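Residue numbers (UniProt numbering): 1 to 825. Don't be surprised by glycine CBs; every beta carbon is placed ideally from N, CA and C. In this text the structure is predicted, and so the values were computed from the model without any measurement. Here is the structure we will look at.
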RNA sequence: GCCGGAAUGGCGGAAUUGGCAGACGCAGCAGACUCAAAAUCUGCCGUUGGCAACAACGUGCCGGUUCAAGUCCGGCUUCCGGCACCA
């Protein structure tokens, strides 16, 4: 065989696979299916190492499962709506579509150079009318189910991007995409009612056994469920009522004030009746002008202003001062919070600053608190109640329940579950997205575009200048239309949808990508989906993964699919780092996949990236490590070349009993390796250790390079070695397969099965321990029972020497492992 | 503050159910081949002491359980990530 030349063989096989459509798949209800999916990329123009890692992992799973006999769906597509295309249009005058499609073309070319087993016929591009027609159709479905609505609200606005953002897209007060400060704006916007599904989105996290704990916790935190009590307080001077929400009803006898957000409904009424209306107004204005970060940071100074009015604590009839404050979150709970300084550190700080009364209602069990000596609130959730009428003396946890019962019985309280999760703001004042299929009629109001008129096509005669209105409004032809209901002159909705809508259902479209009658066929989607293994970055832990779960649940309730979770198993890959930090142009530490593939080939790039670290951990890029992977593939190539004649001459059913002792040992290692690699790939996603055991096998193979090797065994070694490496390094293995075995593609072979009998050892090494320390090793038959093992070991000179003159307290025998002699003296 | 994850040689990492810590790879050292170098093949490679046999120490820290602990329990430290004035 000639020298290993990846550049020559990789191209050859990629062309052949494509021509022969080796990776094309069809639904087949008679075969078990496996759906392997990598998160589809945004078409930025070039693949980076993160993509390479993502696709390499997915490709191993897809190829492995295919060899295991599954009908495998392994598709790829592009999340191709979005801002960068539009920015390119503004900056360079190219159309967003042209920019996007040329990037897709380039990235596809790079993906194809990786040798990935995609069924390209199923490619999904979210920016095509064939796709966004169904995105719009799904929006209409949500609308009809009462899950899409338009409302005026204070929303997140990114001035740089010229659009609003969902809560999930605001990271530490900054835009997720461009990192600039997010402001608040009052706008009328479309929302999806994800809060209707808050409870089930939280509860079903328990079902997701194949998801990493940390992703589930993140979603749990984000949804933020809390159980508590709503308490209604009278405000006699205004003849009004006020509702507060608390998770600590046990402290209700300690209310001395009520803190209101300026947005609370009662505030305007308070100001109206107040004799210091101007001051209060000014204070409210000041608070409302603060940005979200200023207002919601726990470090910022608590401020407030007394309104002069009081509410009555319904538990004890005590008066509670009504304050307008800057520290109450307006859109959580009721925008009003009961102030119990003794039991809440924020209330404590506020009460101390403004000299408000404090009542102690909870005493810890292990010490006695004296109000005058306290320097901070007692916030531990443990103790007995004091100063709490009939509840005094009760354990805190019992009191929570008892007080809620009491409040409900008396009619001034109601148990309530609250969530941190807010509805999903989906309007975007941008061009390159799916238009919201709604027409505004002066007579009929909001009207959905009739299904037969979908898709609402993106116009091309627009000006791309960013502003507070979508560029779609600049197309007269697009903007003006007739009302589908009454025929009157009407205008279209000019906002487009958040691209996260497009990506919330793309994995379902892959199951039936060319359907022009429906988003997907029910039988097809229920055959292939849910996704068996989803692979992607942790950055989508909340955004994409939460939205997709929401979509799936709505589609299940609408009867479009039979499952209620989209992704059975989730693998969050680590980042690819260079010199300890994420590769980025600004740091100048980017390693280009194209260059690496050009130099060493895709097989080396894939092998290195899978070998260098466990898939879920960050990976430090190492040029020398890549060399190592390349060396290994060369070693495989050479050793198989060395035994080429034997491999070709060998028979598949040869006489194993004729093997020498050394050959038997090699064969044993082979079968141990098959077991190890199978389990690592199938059960643990430990590709790094799977590869390392194949390396060990190759090292053992090299032990025979200067020796005779039974032709049957040479063949068995080669067949299984090439098969085991096939998912990791698809080209070199295909080349070797064609050289050595001729028939078919290695990727359509059956995955190796290990032979228990071959794994049996005549002799195994056991360890002698004295007091738990290793003192000697000996080869024995693996069939020895405890007694026989003990006997053999006790006869060892080392054992005699080290136990001489000492008292043997105990002897522990672990069959096939060790004998531990415990001595005293 | 609450929640989650992690910590093992010079480096990436392995040890799956408590049973030989450091597999495999990188780097390093040595030998073979070569006029020489590269490539390749082979061997060595945690620390300390010792010519060696061997011994002691060693998986972030302190303690515990156990014949035996990287692994289990209790208490910390540091780092990474999420949430956070959410009542």
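Would you report the Cα separation of residue i and residue j, rounded to the nearest angstrom?
i: residue 613; j: residue 770; result: 37 Å
i: residue 632; j: residue 4; result: 11 Å
i: residue 637; j: residue 17; result: 21 Å
i: residue 111; j: residue 607; result: 16 Å
i: residue 521; j: residue 23; result: 22 Å
i: residue 445; j: residue 489; result: 12 Å
i: residue 339; j: residue 279; result: 22 Å
i: residue 356; j: residue 143; result: 49 Å
i: residue 62; j: residue 35; result: 8 Å
i: residue 336; j: residue 287; result: 15 Å
i: residue 477; j: residue 123; result: 31 Å
i: residue 572; j: residue 602; result: 22 Å
i: residue 193; j: residue 392; result: 43 Å
i: residue 658; j: residue 758; result: 13 Å
i: residue 158; j: residue 406; result: 47 Å
i: residue 325; j: residue 496; result: 37 Å
i: residue 426; j: residue 498; result: 5 Å
i: residue 54; j: residue 243; result: 50 Å
Let's test the definition: count the other Cβ atoms within 10 Å of the Cβ of residue i and tell me whether it reaches 16, buried, or not, exposed.
i: residue 809; result: exposed
i: residue 171; result: exposed
i: residue 29; result: exposed
i: residue 540; result: buried
i: residue 465; result: exposed
i: residue 20; result: exposed
i: residue 457; result: exposed
i: residue 433; result: buried
i: residue 789; result: buried
i: residue 15; result: exposed
i: residue 702; result: exposed
i: residue 371; result: exposed
i: residue 80; result: buried
i: residue 705; result: exposed
Once you ignore the five residues that flank residue i on each side, which residues in its own chain have a CB closer than 7 Å to its CB?
i: residue 52; result: 114, 593, 605 and 609
i: residue 33; result: 70, 71, 73, 527 and 528
i: residue 500; result: 543, 544 and 547
i: residue 649; result: 711
i: residue 494; result: 469, 470, 472, 473 and 479
i: residue 398; result: none
i: residue 630; result: 600 and 604
i: residue 454; result: 133, 136, 137 and 437
Tell me which residues share the same chain as residue i and place their Cβ nearer than 6 Å to its Cβ, disregarding the 5 neighbours each side in the sequence.
i: residue 534; result: 37, 567 and 570
Given residue i, which residues of its chain have a CB within under 8 Å of its CB, disregarding the five upstream and five downstream residues?
i: residue 902; result: Look at the range of the chain in this structure, 1 to 825, and you will see that residue 902 is not part of it.
i: residue 696; result: 669 and 673
i: residue 510; result: 37, 73, 75, 77, 122, 124 and 528
i: residue 581; result: 587 and 589
i: residue 550; result: 192, 194, 197, 201, 424 and 504
Quick test of your reading: residue i and residue j, contact by CB under 8 Å. State the CB separation rounded to the nearest angstrom.
i: residue 410; j: residue 383; result: Not quite, the Cβ-Cβ distance comes to about 24 Å (not below 8 Å), so this is no contact.
i: residue 134; j: residue 519; result: 4 Å
i: residue 250; j: residue 362; result: 7 Å
i: residue 431; j: residue 86; result: 5 Å
i: residue 150; j: residue 190; result: 5 Å
i: residue 751; j: residue 42; result: Incorrect: roughly 34 Å between the Cβ atoms, too far for contact.
i: residue 359; j: residue 387; result: 6 Å
i: residue 766; j: residue 819; result: 7 Å
i: residue 576; j: residue 619; result: 5 Å
i: residue 417; j: residue 225; result: 6 Å
i: residue 229; j: residue 404; result: 5 Å
Is there at least one non-hydrogen atom of the ligand ZN closer than 8 Å to the beta-carbon of residue i?
i: residue 794; result: With respect to small molecules bound, the structure shown includes none, and the ligand ZN cannot be examined in it.
Subject >> Three or more C-beta pairs below 8 Å linking the segment 302 to 316 and the segment 203 to 216 >> reply: No, the segment 302 to 316 does not touch the segment 203 to 216.
Original post:
Using 8 Å as the threshold, is the segment 664 to 684 in touch with the segment 718 to 738, meaning 3 or more CB pairs across them?
Top reply: Because the criterion of three Cβ pairs below 8 Å is met, the segment 664 to 684 and the segment 718 to 738 touch.
Subject >> Touching by the beta-carbon criterion (3+ pairs, under 8 Å), the segment 656 to 666 and the segment 583 to 597 >> reply: Touching, no, given that fewer than three Cβ pairs across the two stretches are closer than 8 Å.
Original post:
Would you call the segment 734 to 749 and the segment 777 to 792 in contact, with 3 or more CB pairs under 8 Å?
Top reply: The way I'd put it, the segment 734 to 749 doesn't touch the segment 777 to 792; fewer than three beta-carbon pairs between them come closer than 8 Å.
Subject >> the segment 138 to 155 contacting the segment 86 to 106, beta-carbon criterion three pairs below 8 Å >> reply: Taking 8 Å as the limit for Cβ pairs, the verdict is that the segment 86 to 106 does not touch the segment 138 to 155.
**OP:** Take every Cβ of the segment 230 to 240, pair it with every Cβ of the segment 213 to 220, and state whether three or more of those distances are shorter than 8 Å.
**Re:** Touching, no.
Original post:
For the 8 Å Cβ check, are there 3 or more pairs between the segment 378 to 398 and the segment 339 to 353?
Top reply: Enough Cβ pairs lie closer than 8 Å, so yes.
**OP:** Please determine if the segment 254 to 264 and the segment 317 to 329 are in contact, where contact requires at least 3 C-beta pairs separated by less than 8 Å.
**Re:** Judged by Cβ distances under 8 Å, the segment 254 to 264 makes contact with the segment 317 to 329, as three or more pairs qualify.
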